[in-house]
Ligand SMILES: [Zn+2]
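Residue numbers (the working numbering): 10 to 429.
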């Protein structure tokens, strides 16, 4: 039987062994795992979450790598399910085709193509498309809906098979795939061999600068093996025969980067945006361990504030719940020390409700329980949606309940609280 996880000893981008622990984090169970009974939920393993920085190239990463079969075993996320993502894909396709207008009938490959939502934007503009995504069920549905999708991990062998069958690609995209990939070099080599000489590779990653500026604690989970910044990526791409030619910061997922690269020596000019963003990173000392250490200090300051606020609650009979069985909530529970404070979490998701959260063994109840049980405090775990949750649960507040938002700063919200 394969081990559930392994530990890297070298930097994921440059192979250096000079790795510095910069943000110590409490271990967490895998996110989005729900179980019908307490015994199984309680038995789930906790894995290391510590963030390390490579002292050679500045890349920030998790060294603990959970076996993908364990991590993704019941992966059901469909990118096409949310309107925001579809609109984002439309904008990106538009932007990409403005930067590089391929000949009609050119070939586009999307790596980690999910339900084919992104590829559909290219398909309807007359381009040939192919998806690659190892999630078998989602890949099958995408193919059935008209976007041919190979249910495999991209590898150099698969890349060769694709180019033999379809020709080389004018555009290869990989959105939110880099962060999930342990063998980035293997992936980039495969992408390089898919590209035609004038082709471009477009990727989106969540951006370390936003994580630091906005305390985006919710982006820390075991699926995110890397937290990217531009300088380490440029060196990495160069070593692998690619040149970064364009960069754009976008607000999706709390703040992300879209990068465009071409084969080294390719025909496209390098946009000023690359130098501009690198120089901002240099000003902000983004590749220095002390920058990440001060982020870690802020985080432990928040945790202390939470523990001060909740001191003595058990003795005083003060009750607390959580709102939103979310991936980010999984991290928040561990990093803010909420496990023993929360009696239950409310959420209406049909695959989560009336189950128990893996590792923490906390029950998930329907949201109506919030007004029925009236806990004194409710921690907002899906904190990206804090405003919406507060606005939608005025009844609970009017009845004397209070919401607690932990990030980016500790906030206690009662009925008098002004949302603006
Ligand atoms: Zn490195």
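For each residue, glycine too, the CB sits at the ideal point set by N, CA and C. As the structure is a prediction and not an experimental result, all values here were calculated from the model.
| Check | Outcome |
| --- | --- |
| Who are the near neighbours of residue 42 in its chain, counting only those whose CB is closer than 7 angstroms to its CB and skipping five residues on each side? | 53, 367 |
| Can you name the start and end residues of the alpha helix (DSSP H) that residue 229 belongs to? | Where residue 229 is concerned, there is no enclosing alpha helix (DSSP H), given that its DSSP letter is neither H nor E. |
| Can you tell which of 295, 359, 363, 185 has the C-alpha that lies nearest to the C-alpha of residue 265? | 185 |
| Where does residue 111 sit, in a helix, a strand or coil, going by DSSP? | coil |
| Using CA atoms only, rank isn't needed, just tell me which of 268, 294, 321 is closest to residue 108. | 268 |
| Measure the CB-CB distance between residue 179 and residue 208 and report whether it falls below 8 angstroms. | yes |
| Which residue wins for smallest C-alpha separation from residue 256, given the options 392, 196, 282, 177? | 282 |
| Is residue 5 buried or exposed, if buried means 16 or more other CB atoms sit within 10 Å of its CB? | Outside the displayed span of the chain (10 to 429) sits residue 5, for which this structure offers no information. |
| Do you know how far the Cα of residue 128 is from the Cα of residue 154? | 12 angstroms |
| Here's the rule: buried if 16 or more other CB atoms are within 10 angstroms of the residue's CB, otherwise exposed. What is residue 384? | buried |
| So does residue 22 have its beta carbon nearer than 7 angstroms to some heavy atom of ligand 1? | yes |
| With a threshold of 7 angstroms (Cβ to nearest heavy atom), would residue 68 be considered close to ligand 1? | yes |
| Check the C-beta distance from residue 152 over to residue 142 and give it rounded, since I have them as a contact under 8 angstroms. | Not confirmed; about 10 angstroms, so no contact. |
| With burial defined as no fewer than 16 other Cβ atoms inside 10 Å of the residue's Cβ, what is the status of residue 327: buried or exposed? | exposed |
| Just tell me which of 246, 188, 260 has its CA closest to the CA of residue 254. | 246 |
| Taking 7 angstroms as the cut-off, is the CB of residue 288 close to at least one heavy atom of ligand 2? | Here the bound small molecules are ligand 1; ligand 2 is not part of this structure. |
| Any chance the region 71 to 79 sits against the region 358 to 375, with 3 or more Cβ pairs inside 8 angstroms? | no |
| At a threshold of 7 angstroms, does residue 384 count as lining ligand 1 (C-beta to nearest heavy atom)? | no |
| Rounded to whole angstroms, how far is the Cβ of residue 219 from the Cβ of residue 226, which I believe are closer than 8 angstroms? | Contact flag wrong, Cβ pair sits at about 12 angstroms. |
| Roughly how many whole angstroms lie between the Cα atoms of residue 396 and residue 177? | 46 angstroms |
| Which partner residues does residue 258 have in the DSSP bridge list? | 266 |
| Using the Cβ count rule (16 or more neighbours within 10 Å means buried), how would you classify residue 188? | buried |
| At a cut-off of 7 angstroms, would you count residue 247 as near ligand 1, judging by its Cβ distance to the nearest heavy atom? | no |
| Tell me the residue span of the beta strand (DSSP E) that contains residue 119. | 116 to 120 |
| Would the C-beta of residue 241 count as close to ligand 1, meaning under 7 angstroms from any of its heavy atoms? | yes |
| Which runs of the beta strand (DSSP E) spanning at least 3 residues fall entirely within the region 382 to 413, listed in chain order? | 386 to 389 |
| Counting C-beta neighbours from all protein chains within 10 Å, is the total for residue 181 16 or more, i.e. buried, or is it exposed? | buried |
| Distance, Cα to Cα, residue 278 vs residue 204? | 17 angstroms |
| For the 8 angstroms Cβ check, are there 3 or more pairs between the region 370 to 384 and the region 345 to 357? | yes |
| Considering only the beta carbon of each residue, do residue 311 and residue 420 sit closer than 8 angstroms? | no |
| Could you give the distance in angstroms between the alpha-carbon of residue 337 and the alpha-carbon of residue 320? | 24 angstroms |
| Considering only residues of the same chain and omitting the five flanking positions on each side of residue 405, which have a CB-CB separation below 6 angstroms? | 379, 380 |
| In terms of residue numbering, what span does the alpha helix (DSSP H) encompassing residue 202 cover? | 193 to 203 |
| Below 8 angstroms, can you find three or more Cβ-Cβ pairs linking the region 160 to 168 to the region 94 to 110? | no |
| For residue 18, is the beta carbon positioned less than 7 angstroms from some heavy atom of ligand 1? | no |
| Output the distance between the C-alpha atoms of residue 424 and residue 387, rounded to the nearest integer angstrom. | 13 angstroms |
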